[in-house]
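In what follows, a single structure is set out as structure tokens and then discussed.
Written out as structure tokens, the structure is:
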């Protein structure tokens, strides 16, 4: 039974119904010829009708192929009903602000109004706000209701494609105060979107692209050239990903280009392994770049520039010990060598180039301004001696430029128009411009964005290296690491990472982000498509004998995902003896009726326990005519057969115990002593076909990624637990 027509009065379009239908993919003609004051109605292909905004929303919620759109249980559905009854208050002039205040406070600690995903409750309230046009927009601009603003903008960004036509067509018709286009402009959203590579077979991925609009200063369309310049001293982590994706965003927006440049000026920390894996991670993120360059390609020009600055009296050689130099810079004390002649400086410069005993004690400093309040301008170091061989060019050089010196030079030489840098470098911007000026080079515009910080997470490559070198993790791709390879190995889809980062936009505001938001986005991507399997924890598993069960085992083929045919099918064996989890057995009482998932009901007749209170075995009878709606427990189970596979279910925790380390606090004092937990389980035989990287759901246990597939019976399949954005619970 399909919706044939949506009818409503022209002066009162049911925005929430139109939005919900759009998101749910329900298409039908719209007729705005009903008399004023009439309730909106659906006309079905059978001739039947439904009337009323709330009724139509409930219908859409029930039929939509969107997980939990009308709640995942009776309680959530009832909560949604409450919000549907509440939403009309937003169109009541006198109660509008008090309603905004109520919803704002409600959203303090949650992302959605009901549960952990979009529902028709969100659609109803969001549409109520959008429908007021300028009145809501004025409040949004005032930032009086920050939680409500965050929630509203998040939905608008995530479902932009679906909402675009609705806003343009209908917002403003109630009073004519605004237009859809105006509202979108006021939200600061652009119709330009970031394109991300994605599997076209994936389903149910509303919001797979995110939007925002920020201008680059002095940018010309078609002439923007950007660079992503990682140091090859570690793997790409989630913080680097933000910089990489923002570079791609601006390049696409201005029809420009991005280059990859490896800032390889510190041979003590760098290696070809890191170069190779950074390129791999950049490809994983879907970054389209013009070319790959290396700062080391410019070493001859950089040395020539350094000599020119020495000759011009804009740089000098200093052998002041490092600690003393730092103290003098802090106090604004000039080095005793600052007034050395260019000739003397050139002599010592050659000592540095040769790596002599005297040269190894020296560094080249820029002669800027030792009295400047901005301490980055107090004669920064340009070159240091380092006799360690370089991973690309071997032992050719004994001296290497600092980032402060080479970055403004190479940016200008390579034709970079805009250098994107995180705001932690803000105080060094003046230094960057001053060095370019002293070099006589074209000015490159700096654009700042906020560094991405996450709770319980270290992003310093030096600190991450400590974990690798001390065996606290299994490598740079360890699932506890914030590296791209680590979080992908844990089960994060790159599409979720891209959406999460682009939702932050190019904001310059520093914030500490929760991982829950990222994993919630990930769940919305994997849940509609990942196959379902069954596992029972090995320890104290319980044999449940069904007295009237099948004398001979039989097999049925059932879908791996009831709502997604492309997930495939699995074979399920039905036997007289089945295995269930101890935790489920503990909840069951004698004569209780339970539901065995994908089979039917059973009545428990006998429960045996050991002296410690653990259930050892149970017996009962099948009651397949029983209603699943009447049972409290829906139990997962496995047949008691030899074909079951052994599973190693791995859960992971944060590496540190503090959300954020205090200034100067040693991360070693906040190490988490227990970051990994293994649970041995049995799994259905269909899991023999899993491949490394496959994502699945173990019913009632959560989402997992296959890290080690089936090899032989004596070797377990290793599955990594994927967080779902909620407080993690122990495996059942």
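Numbering (UniProt numbering), first residue to last: 1 to 732. Cβ coordinates follow ideal geometry from the N, Cα and C atoms, glycine included.
Which of the three DSSP states is assigned to residue i in this structure?
i: residue 221; result: coil
i: residue 46; result: coil
i: residue 579; result: strand
i: residue 51; result: strand
i: residue 229; result: coil
i: residue 205; result: At residue 205 the pLDDT is 37, less than 50, meaning the model places this residue with poor confidence and gives no usable figure here.
i: residue 672; result: coil
i: residue 815; result: There is no way to answer for residue 815, as the model of the chain reaches only from 1 to 732.
i: residue 634; result: strand
i: residue 626; result: coil
i: residue 616; result: strand
i: residue 723; result: coil
i: residue 447; result: strand
i: residue 250; result: helix
i: residue 138; result: helix
i: residue 651; result: strand
i: residue 646; result: strand
i: residue 69; result: coil
i: residue 697; result: strand
i: residue 100; result: helix
i: residue 192; result: Annotation note: pLDDT 30 at residue 192 (below 50); position unreliable, coordinate value reported separately. Looking at residue 192 - three-state DSSP - the assignment turns out to be coil, as it is neither helix nor strand.
i: residue 503; result: helix
i: residue 364; result: strand
i: residue 534; result: coil
i: residue 704; result: strand
Among the options, whose alpha-carbon lies nearest the alpha-carbon of residue i?
i: residue 674; options: 284, 500, 472; result: 472
i: residue 17; options: 46, 44, 54; result: 54
i: residue 406; options: 698, 384, 155; result: 384
i: residue 574; options: 653, 636, 68; result: 636
i: residue 519; options: 44, 313, 703, 154; result: 703
i: residue 517; options: 221, 725, 293, 66; result: 725
i: residue 512; options: 252, 167, 459, 527; result: 459
i: residue 323; options: 541, 354, 335, 586; result: 335
i: residue 303; options: 668, 401, 436, 468; result: 401
i: residue 333; options: 423, 370, 314, 51; result: 370
i: residue 68; options: 114, 56, 367, 109; result: 114
i: residue 310; options: 346, 479, 521; result: 346
i: residue 21; options: 106, 680, 78, 163; result: 163
i: residue 469; options: 246, 269, 566; result: 269
i: residue 699; options: 339, 344, 533; result: 533
i: residue 583; options: 633, 365, 361, 454; result: 633
i: residue 292; options: 264, 305, 306; result: 264
Buried or exposed: residue i, going by 16 or more other Cβ atoms within 10 Å of its Cβ?
i: residue 300; result: exposed
i: residue 590; result: exposed
i: residue 671; result: exposed
i: residue 158; result: buried
i: residue 227; result: buried
i: residue 253; result: buried
i: residue 482; result: buried
i: residue 686; result: buried
i: residue 124; result: buried
i: residue 528; result: buried
i: residue 588; result: buried
i: residue 81; result: buried
i: residue 240; result: buried
i: residue 550; result: exposed
i: residue 75; result: exposed
i: residue 201; result: Bear in mind that the predicted position of residue 201 carries a pLDDT of just 35, short of 50, making it too unreliable to give a figure here.
Just confirm the distance between the C-beta atoms of residue i and residue j, as a whole number of angstroms; I'd bet it's less than 8 Å.
i: residue 267; j: residue 390; result: 4 Å
i: residue 48; j: residue 28; result: Not really, about 14 Å apart at Cβ, beyond 8 Å.
i: residue 735; j: residue 106; result: Outside the displayed span of the chain (1 to 732) sits residue 735, for which this structure offers no information.
i: residue 605; j: residue 621; result: 6 Å
i: residue 737; j: residue 365; result: Nothing in the structure corresponds to residue 737, since the chain is present only between 1 and 732.
Inset, instruction - Would you check if the region 363–382 and the region 249–262 touch, i.e. whether three or more CB-CB distances between them fall below 8 Å? - result: no
Inset, instruction - Count the CB pairs spanning the region 608–618 and the region 546–560 that are closer than 8 Å, and state whether there are at least three. - result: no
Inset, instruction - Determine, using beta-carbon pairs with one atom in the region 636–647 and one in the region 710–719, whether at least three such pairs fall under 8 Å. - result: Contact holds: three or more Cβ-Cβ distances are below 8 Å.
Legend entry - Touch test, the region 54–64 against the region 117–130, Cβ-Cβ under 8 Å, three pairs minimum: Yes, the region 54–64 touches the region 117–130.
Inset, instruction - Report yes or no: do three or more beta-carbon pairs, one from the region 475–488 and one from the region 429–440, lie closer than 8 Å? - result: no
Legend entry - the region 322–330 / the region 280–292 touching (three or more Cβ pairs under 8 Å): no
Legend entry - Touch test, the region 413–424 against the region 441–449, Cβ-Cβ under 8 Å, three pairs minimum: The region 413–424, when compared against the region 441–449, does touch it at the 8 Å Cβ threshold.
Inset, instruction - Evaluate contact between the region 217–237 and the region 269–279, counting only Cβ atoms and requiring at least three cross-stretch pairs below 8 Å. - result: yes
Inset, instruction - Could you tell me whether the region 618–633 touches the region 653–669, where touching means 3 or more Cβ pairs closer than 8 Å? - result: As far as the Cβ criterion goes, the region 618–633 does not touch the region 653–669, which means the pair count is below three.
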